[in-house]
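The block underneath contains the structure these notes are about, expressed in structure tokens.
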Amino acid sequence: DPFHEKVEKGNREAKDGEAAEALRLYGDAARVKPGSPIPDFNRGIVLGADGEADAARDAYLAAAAAEDPAIAADALYNLGNLHLARSEFEPAIDSYLRSLDLDPGDPDTRRNLEIALQRQEEQEQQQQEQEQQQEQDQGEEQEQDEKQDPQQPQDPPEDDQQQNESPQPQEEEEQPEQEPRPEERFT
Numbered sequence: 665d666p667f668h669e670k671v672e673k674g675n676r677e678a679k680d681g682e683a684a685e686a687l688r689l690y691g692d693a694a695r696v697k698p699g700s701p702i703p704d705f706n707r708g709i710v711l712g713a714d715g716e717a718d719a720a721r722d723a724y725l726a727a728a729a730a731e732d733p734a735i736a737a738d739a740l741y742n743l744g745n746l747h748l749a750r751s752e753f754e755p756a757i758d759s760y761l762r763s764l765d766l767d768p769g770d771p772d773t774r775r776n777l778e779i780a781l782q783r784q785e786e787q788e789q790q791q792q793e794q795e796q797q798q799e800q801d802q803g804e805e806q807e808q809d810e811k812q813d814p815q816q817p818q819d820p821p822e823d824d825q826q827q828n829e830s831p832q833p834q835e836e837e838e839q840p841e842q843e844p845r846p847e848e849r850f851t
């Protein structure tokens, strides 16, 4: 069957790192069987691995429209991984939830959903801490300004200017436990 031959050959090319040839073969397969989501699904994997995140997203969305719930669920799972890798937590969470609607028992999707929710919470907490620190810094500056005698302006210490220009040391970010990232799913 020419469709499966082209898909399988595209998969071999993709695994060998030949993205352009794999994409060409998936395009040929799509022309042989235009209604199949498999070429779009596999294009998404290759494009994502090749750093073409926007094109990969579009391919996964096309595959997610499949009538076959297993392919649609896998496409949404991979789309969630694409978003998670880019720290786009809301779309990752949405993709994982949509995948679980189609395949509620998938443990990889459940695990990645938990990771996305945790990282989103950490990001929100970090943003709140930064905002609080900025507010505190502004309040301290105002207090400092109010303490100065308006009739006798004080020169700032010489090294004060340098302190404002040097970056503040960042706390080392705590790394989450090593979680295995399931391989993309070739169909």
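According to our numbering, the sequence shown is numbered sequentially starting from 665. Think of the CB as a built atom: it goes at the ideal place given N, C-alpha and C, for glycine as much as any other residue. These numbers were taken from a predicted model, which means no experiment stands behind them.
- The beta carbon of G681 is closer than 8 Å to none in its chain, skipping five residues each way along the sequence.
- Going by beta carbons, L689 and K670 fall inside the 8 Å limit.
- Taking every protein chain shown into account, the CB of H747 has 16 or more other CB atoms within 10 angstroms, so this residue is buried.
- In the three-state DSSP reduction, S700 falls in the coil class, being neither helix nor strand.
- Where R676 is concerned, the enclosing alpha helix (DSSP H) starts and stops at P666 to K679.
- For the pair Q784 and D770, the Cα-to-Cα distance works out to about 21 Å.
- For the pair D765 and A726, the Cα-to-Cα distance works out to about 18 Å.
- Within the same chain, Cβ atoms closer than 6 Å to the Cβ of Y741 are found at S763 and T773, the five residues on either side in sequence being excluded.
- Take the alpha-carbon of Q798 and the one of E810: they are about 18 Å apart.
- Secondary structure at E682: coil, using DSSP grouped into helix, strand and coil.
- Sixteen is the threshold: since fewer than 16 other Cβ atoms of the shown chains lie within 10 Å of the Cβ of D665, the residue is exposed.
- Between D732 and P768, the C-beta gap is not smaller than 8 Å, which leaves the two residues out of contact.
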